[in-house]
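Chemist:
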Amino acid sequence: MFLPIGVPALPLDEAGKYVAAAYVVFLVLLLVYLAIMAARLQRVERELRELASFAEQGSRQEEREEVSA
Amino acid sequence: MYGKGLRTLSIATVGAIALGLSLVFFYAPLDADQGFVQKIFYLHVPLSIVALLGFIAGGGFAVAHLRSDNSRWDAYSYVCIHMSVIFGVAVLATGSIWARASWGHWWVWDEPTLVSFLIVFLLYATYYPFRYAIEDRDRQARYASVFAVTAGAFVPLNFLAVRLAESLVHPRVFATANGGLPGPMRLTFLICLVAMALLWVTLVKFELTAKNARGQLSRLRRALDAPGSGTGSRVAPEVSS
Chain A
5 MFLPIGVPAL PLDEAGKYVA AAYVVFLVLL LVYLAIMAAR LQRVERELRE LASFAEQGSR
65 QEEREEVSA
Chain B
4 MYGKGLRTLS IATVGAIALG LSLVFFYAPL DADQGFVQKI FYLHVPLSIV ALLGFIAGGG
64 FAVAHLRSDN SRWDAYSYVC IHMSVIFGVA VLATGSIWAR ASWGHWWVWD EPTLVSFLIV
124 FLLYATYYPF RYAIEDRDRQ ARYASVFAVT AGAFVPLNFL AVRLAESLVH PRVFATANGG
184 LPGPMRLTFL ICLVAMALLW VTLVKFELTA KNARGQLSRL RRALDAPGSG TGSRVAPEVS
244 S
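What follows is the structure, encoded as structure tokens:
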């Protein structure tokens with residue numbers, strides 16, 4: 005943790021930039037993390053869709069084989 | 004399973020963060036020494052406390068994994084450490100900004116609290132290459148758990164360093180003697196701490212849910228690939244990342 009030692013307070017217009025920067029950095033980090041998680045979720049969804057269609061194809065093929073037999 | 008209660012937790016987190024931010028900017032008084040810059044305190048200190056506690060929690064779950072050999076605890080340990088490393092990045096970034104505003108320097112090497120946190124952060128940054136350098140899953144989990152326990156035991160030193168630092172003028176939040184935070188600041192700080200803790204728990208739960216979903220998907224793919232699974236001997240298509 006950072007422990008700023010007692011120094012004269014910055015004027016509001018200057019201090020505001022630093023405070024805004026700190027909170028924005030935190031927000032950006034959070035959003036980057038959520039974006040990465042969203043991308044992963046999309047991949048899972050896509051893979052799930054492909055597996056579902058793959059399973060459907062398989063069951064249809066089995067039905068056809070049963071009918072022809 | 005992991006996603007149970009995630010919605011409620013997310014709503015509580017958003018509510019707590021909104022309350023915390025409102026208190027920071029509309030309720031907590033300006034610090035007599037630092038003025039408006041001290042508002043970074045309400046973000047930076049809860050982040051660092053939660054990150055450090057997360058590392059300890061990771062060590063705790065690693066102990067459970069070593070005792071039971073249940074991979075579930077290894078997943079908990081991994082996700083706790085992963086989330087705390089992310090929080091650690093935020094701690095370093097917000098702390099640097101605060102240091103720049105207060106001291107005029109982005110980093111001060113002779114400040115024990117800064118350096119000790121950096122050491123802890125860098126220690127945990129080696130967790131990933133250490134873990135993924137081992138291919139065998141069981142060994143990977145076991146070695147990672149040993150690492151998490153050892154590193155987790157090191158973390159309290161960081162708290163001690165903060166307490167023992169000579170140049171300490173940081174307000175002692177729960178101190179009863181001189182230097183304790185005044186009431187409104189203390190309340191604001193505690194709400195922010197709760198909000199950060201809730202955010203950490205929510206993200207850990209979210210990550211675990213996503214990890215579990217990917218695991219279940221892999222199981223499904225293996226089951227469909229297996230001969231005699233009803234889908235013939237065809238191999239399920241691999242999804243490129």
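Residue numbers (our numbering), protein chains in the order written: chain A, 5 to 73; chain B, 4 to 244. Backbone N, C-alpha and C define an ideal beta-carbon position, used for all residues, glycine too.
To the nearest whole angstrom, what separates the beta carbons of W109 of chain B and H47 of chain B, a pair I think is in contact under 8 Å?
Modeler: As a position in the second sequence, residue 109 of chain B is number 106, starting the count at 1. As a position in the second sequence, residue 47 of chain B is number 44, starting the count at 1. At roughly 14 Å, the Cβ-Cβ gap does not stay under 8 Å, so W109 of chain B and H47 of chain B are not in contact.
Chemist: Under DSSP, the alpha helix (DSSP H) around H108 of chain B begins and ends at which residues?
Modeler: Translated into positions along the second sequence, residue 108 of chain B becomes position 105. Neither: H108 of chain B is in no alpha helix (DSSP H) and is coded neither H nor E.
Chemist: Could you compute how far the alpha carbon of L184 of chain B sits from the alpha carbon of G98 of chain B?
Modeler: Working through the second sequence from its first residue, we reach residue 184 of chain B at position 181. Working through the second sequence from its first residue, we reach residue 98 of chain B at position 95. Straight-line Cα distance between these residues: approximately 19 Å.
Chemist: Looking at the C-beta of L220 of chain B, does it have a partner C-beta in chain A at a distance below 8 Å?
Modeler: Taking the second sequence and counting its residues from 1, the one referred to as residue 220 of chain B is at position 217. Yes, L220 of chain B counts as interfacial toward chain A.
Chemist: Thinking C-beta only, is R44 of chain A closer than 8 Å to A213 of chain B?
Modeler: Your numbering for residue 213 of chain B matches position 210 in the second sequence. Your numbering for residue 44 of chain A matches position 40 in the first sequence. Cβ atoms of A213 of chain B and R44 of chain A: closer than 8 Å.
Chemist: Of the residues that make up the region 30-48 of chain A, which ones have a beta carbon closer than 7 Å to any beta carbon in chain B?
Modeler: F30, L33, Y37, M41, R44, L45, R47 and V48
Chemist: Here's the rule I'm using: 16 or more other beta-carbon atoms within 10 Å means buried, otherwise exposed. How should R53 of chain A be labelled?
Modeler: Within the first sequence, the letter at position 49 stands for residue 53 of chain A. It counts as exposed.
Chemist: What do you reckon, are the CB atoms on V207 of chain B and V66 of chain B nearer than 8 Å?
Modeler: Residue 207 of chain B sits at position 204 when you count from the first residue of the second sequence. Residue 66 of chain B sits at position 63 when you count from the first residue of the second sequence. Contact flag unset, no.
Chemist: Count Cβ pairs between the region 115-124 of chain B and the region 138-152 of chain B that sit closer than 8 Å; are there 3 or more?
Modeler: no
Chemist: Between the region 102-117 of chain B and chain A, which residues of the former have CB atoms less than 8 Å from a CB of the latter, in chain order?
Modeler: A102, R103, A104, S105, W106, E114, T116 and L117
Chemist: Do the region 52-61 of chain B and the region 9-27 of chain B meet, that is, are 3 or more Cβ pairs less than 8 Å apart?
Modeler: Three or more beta-carbon pairs separated by less than 8 Å are not found between the region 52-61 of chain B and the region 9-27 of chain B, which leaves the two stretches without contact.
Chemist: Give me the subset of the region 47-63 of chain A whose CB atoms are less than 9 Å from a CB atom of chain B, sorted by chain position.
Modeler: Residues R47, V48, R50, E51, L52, E54, L55, F58, A59, Q61, G62 and S63.
Chemist: Going by DSSP, what residues sit across from D34 of chain B in a beta bridge?
Modeler: Looking up residue 34 of chain B in the second sequence gives position 31. The partner list for D34 of chain B (beta bridge, DSSP) reads B:G38.
Chemist: How about P32 of chain B and M199 of chain B: are their beta carbons less than 8 Å apart?
Modeler: Translated into the one-based positions of the second sequence, residue 32 of chain B becomes position 29. Translated into the one-based positions of the second sequence, residue 199 of chain B becomes position 196. Contact flag unset, no.
Chemist: Helix, strand or coil for S13 of chain B, going by three-state DSSP, please let me know.
Modeler: Here residue 13 of chain B refers to the residue found at position 10 of the second sequence. Note: S13 of chain B maps to helix in three-state DSSP.
Chemist: Can you find a C-beta in chain A that's less than 8 Å from the C-beta of H85 of chain B?
Modeler: For this step, residue 85 of chain B is matched to residue 82 along the second sequence. Output row for H85 of chain B: interface = no.
Chemist: Could you give the distance in angstroms between the alpha-carbon of Y5 of chain B and the alpha-carbon of V149 of chain B?
Modeler: Translated into the one-based positions of the second sequence, residue 5 of chain B becomes position 2. Translated into the one-based positions of the second sequence, residue 149 of chain B becomes position 146. Each residue's alpha carbon lies about 25 Å from the other.
Chemist: How should R224 of chain B be labelled, buried or exposed, when 16 other C-beta atoms within 10 angstroms of its C-beta is the threshold for buried?
Modeler: Residue mapping note: residue 224 of chain B aligns to position 221 of the second sequence, counting from 1. When all chains shown are included, R224 of chain B counts as buried.
Chemist: Out of B:S119, B:Y130, B:N215 and B:T205, which has the shortest C-alpha to C-alpha gap to S51 of chain B?
Modeler: Looking up residue 51 of chain B in the second sequence gives position 48. Considering only alpha carbons, the answer is B:S119.
Chemist: Can you give me the C-alpha to C-alpha distance between L34 of chain A and F90 of chain B, rounded to a whole angstrom?
Modeler: To locate residue 34 of chain A, count along the first sequence from 1; it is residue 30. To locate residue 90 of chain B, count along the second sequence from 1; it is residue 87. When rounded, the distance between both Cα atoms is 9 Å.
Chemist: What separation, rounded to the nearest whole angstrom, lies between the Cα atoms of P115 of chain B and A96 of chain B?
Modeler: Residue mapping note: residue 115 of chain B aligns to position 112 of the second sequence, counting from 1. Residue mapping note: residue 96 of chain B aligns to position 93 of the second sequence, counting from 1. Looking at the two C-alpha atoms, the distance is approximately 17 Å.
Chemist: For a contact meaning CB atoms closer than 7 Å, what does F150 of chain B contact in chain A?
Modeler: Sequence index remark: in the second sequence, residue 150 of chain B carries index 147 (1-based). Within 7 Å Cβ-Cβ: nothing; F150 of chain B doesn't reach chain A, min ~23 Å.
Chemist: Do the region 190-199 of chain B and the region 62-73 of chain A make contact, defined as three or more Cβ pairs closer than 8 Å?
Modeler: no
Chemist: Measuring only the C-alpha atoms, how far is S63 of chain A from L227 of chain B?
Modeler: Within the first sequence, numbered from 1, the residue matching residue 63 of chain A stands at position 59. Within the second sequence, numbered from 1, the residue matching residue 227 of chain B stands at position 224. Cα atoms of S63 of chain A and L227 of chain B: separation of roughly 11 Å, rounded to the nearest angstrom.
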